Amino acid sequence: MSIQIHVIDANGHQQRLQADPGSSLMELLRDQSSGVEGICGGCCACGTCHIVLESDWQPLLGTAQPEEEALLDALDERTSGSRLSCQLRLSQEMDGLSLRIVPAEC
Amino acid sequence: MQHLVIVGGGHLAAALITGLYRQGFDGRVTLLSAEDSLPCNRPVLSKEYLKGELTEEGLALVAQHVWDDPRFTCQLNTRVSEIDRQQKTVVANGHLVPYDQLVLATGTTPRRLDIPGHELAGIHYLKTLSDARQLRGALQPGKRLAVIGGGFIGLEIAAAARQNSMAVTVLEAGERILGRVVAPEVSECFMQLHQNHGVDIRMGVGVENFMGQQAIEAVRLTNGEVLAADQVVVGIGVVPEVSLAQQAGLECDNGIVIDQCCRTSDPAIHAGGDCAVQFSPLYNRNLRLESVQNTSAHAQTILAQLAGQPIPEPAVPWFWSTQYEARLQIAGLNPDYDQLIARGQDTQARSWLYLKQGRLVACDAVNRPADFLQAKKMIMTETQIDIPKAEDINIPLSQCIA
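Respectively, the protein sequence lines represent chains A and B.
Per this note's numbering, the first sequence starts with residue 1, numbered consecutively.
Per this note's numbering, the second sequence starts with residue 107, numbered consecutively.
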């Protein structure tokens, strides 16, 4: 069953995206929104898929693994809800997820 | 209705097609690809895909809903043999295809090692998904793999093969691995990394010929030694695919020459990605880069051109490589640095700064993403580095400004 994700893209526009569970959140945002580049293809090497989760959702999606954490820590606009969307796989539990895309740094 | 034709089905084509779809492009787009599969994520082919951490479904670069749109067509197994710039047509598998705008995204081809025995089975090159599929099947535990060429692709494959319990030998003709891209100190670090993982690295040695009946059995080296091998991978660089552009009389110089707007010498033809040569204001020279980031920047430039919008600012080139637990991120280029600063001695996490007259021009960061991201910005602004501070890995790089 497809799920719905609420997105504020890099230009501040609100979007509602439909997605199927299973693929990576980065790919969904790269393909259908703006501001996520995902240049390294999802292997946690570039930091160009930075998103901020709405606070209610932060505890539900677990914590970042060390390699994601190291990259997040290096980003200028890191906040407590920051994640790399390539490390999040879409699942049924993410139906209704709300997030903001942070434009890729330089 | 405008017809945009793209020749070559790699990252440039994928980024253009996704971008045009999103821009609501009001014409038709045809991709002519010589490969037998849709554009896929190439850098992971020598890394996560080879190690079995990623499946083929995870490799697609263009979402299915784009291909479902009748304005976007992809013709696979299709070779373009000619461009007629007067008539604005290309010849694809012998058929004429008219275009209004043409994009050459022809990329590169692995350099062949056409020495005696090159036709034996079990000698691999890696560029396409179909190459990767074959190579993945060949990486079998307990078998012996000879990797010819100690560049990124060879070393990434060596790492994947070791993780699959193969016996691996890397043969590098030069005096050090990664000799073309990093400083000797960084080469040394990667040599130790591979040796610690049980790879036999031989330097200063070439390959005379391949030996075997039907399939590869051994490799004869230039020093006379015969090295037994069940599989061979050749990774000795790539050649830009420029023959089509050359035949059409477009300006080429170790690549298809493009301006800052990615235009070739014909205003109806753009080019970009690994096959293109472009002047870099930052490095004050012509550059042909083999990089996804550069390709992505070219795609954004072409998209802006087609939409009549201002082109994006030039960016600092960057690259990455994953080998075992080492995640190497490279920002910038170092062709004429005059000083190398090492940050930290920890083999697990360290970085090197390349300076020219005190200014930061490049950075190699191993498991130090903060150094990489900060270096990218500091290279762009040609920052003078405070060297004693930069040598202290506990001081963030962004604070090491002279």
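Just so it is clear, CB atoms sit at the ideal spot from N, CA and C, and this is done for glycine as well.
Source: prediction; values computed, not measured.
Counting other Cβ atoms within 10 Å of its Cβ, Ala211 (chain B) reaches 16 or more and is therefore classed as buried. Each residue's CA atom was taken as its position, placing Val36 (chain A) and Ile51 (chain A) some 8 Å apart. Ranked by how close their Cα comes to the Cα of Gln429 (chain B), the residues B:Ala335, B:Gln480, B:Gln298 have B:Gln298 in first place.
Contact of Thr161 (chain B) with chain A is not assigned, every C-beta pair being separated by 8 Å or more.
It is roughly 36 Å from the alpha-carbon of Cys146 (chain B) to the alpha-carbon of Leu446 (chain B). Taking a beta-carbon distance threshold of 8 Å, Asn400 (chain B) does not count as an interface residue toward chain A. Using a 10 angstroms sphere on the CB of Asn360 (chain B), the tally of other CB atoms stays under 16, which defines it as exposed. With its beta carbon less than 8 Å from one in chain A, Arg433 (chain B) belongs to the interface. A direct Cα-Cα distance of roughly 16 Å separates Val135 (chain B) from Leu167 (chain B). Taking CB atoms only, Asn147 (chain B) has a neighbour in chain A less than 8 Å away. For Val150 (chain B), there is no enclosing alpha helix (DSSP H), as DSSP marks it with neither H nor E. Around the beta carbon of Cys180 (chain B), a 10 Å sphere encloses 16 or more other beta carbons of the protein chains shown; the residue is thus reported as buried. The C-alpha of Asn440 (chain B) is placed about 29 Å away from the C-alpha of Ala119 (chain B). Secondary structure in the segment 34–99 of chain A: the beta strand (DSSP E) runs of 3 residues or longer, each lying completely within the stretch, are 50–53, 82–84 in chain order. Identification of residues in the segment 465–486 of chain B having a C-beta nearer than 9 Å to some C-beta of chain A yields Asn473, Arg474, Pro475, Ala476, Asp477, Phe478, Leu479, Gln480, Lys482, Lys483, Met486, given in sequence order.
DSSP places Thr453 (chain B) in the coil class of the three-state scheme, outside both helix and strand. Thr407 (chain B) does not reach chain A, its nearest Cβ partner there being about 14 Å away, counting only Cβ pairs nearer than 8 Å. When DSSP states are grouped into helix, strand and coil, Ser187 (chain B) belongs to the strand group.
The C-alpha of Ile189 (chain B) is placed about 38 Å away from the C-alpha of Leu261 (chain B). Under the DSSP assignment, Met309 (chain B) falls in the beta strand (DSSP E) whose first and last residues are 306–309. For the pair Val305 (chain B) and Thr275 (chain B), the Cα-to-Cα distance works out to about 6 Å. A direct Cα-to-Cα measurement between Gly47 (chain A) and Gln58 (chain A) gives close to 19 Å. Judged by beta-carbon spacing, Gly330 (chain B) lies beyond the 8 Å limit of Ala279 (chain B), meaning their Cβ atoms are not closer than that value.
Residue pairing for Gln429 (chain B): DSSP places it in a beta bridge opposite B:Ala432.
For Arg30 (chain A), the number of other beta carbons within 10 angstroms of its own is at least 16, and it is reported as buried. Between the alpha carbons of Val345 (chain B) and Arg217 (chain B) lies a gap of roughly 6 Å. Straight across, the Cα-Cα distance linking Gly22 (chain A) with Gly125 (chain B) is about 24 Å. The criterion of a C-beta distance shorter than 8 Å is satisfied by Asp336 (chain B) and Arg250 (chain B).
A residue is called buried once 16 or more other Cβ atoms fall within 10 Å of its Cβ, and Asn400 (chain B) is buried on that count. When the five nearest sequence neighbours on each side are left out, no beta carbon in the same chain lies closer than 7 Å to the beta carbon of Gln192 (chain B). For Gln411 (chain B), the enclosing alpha helix (DSSP H) covers residues 398–412. Between Gly41 (chain A) and Ser293 (chain B), the alpha-carbon positions lie close to 26 Å from each other.
Listed along the chain, the chain A residues whose CB falls inside 9 Å of the CB of Glu154 (chain B) are Gly41, Gly42, Cys43. Listed in chain order, the non-local C-beta contacts of Arg308 (chain B) below 6 Å within the same chain comprise Leu277, local neighbours out to five positions each way being set aside.
For Val348 (chain B), no beta strand (DSSP E) run applies, since DSSP gives it neither H nor E. Identification of chain B residues near Cys46 (chain A) by a Cβ-Cβ cut-off of 7 Å yields Trp426, ordered along the chain.
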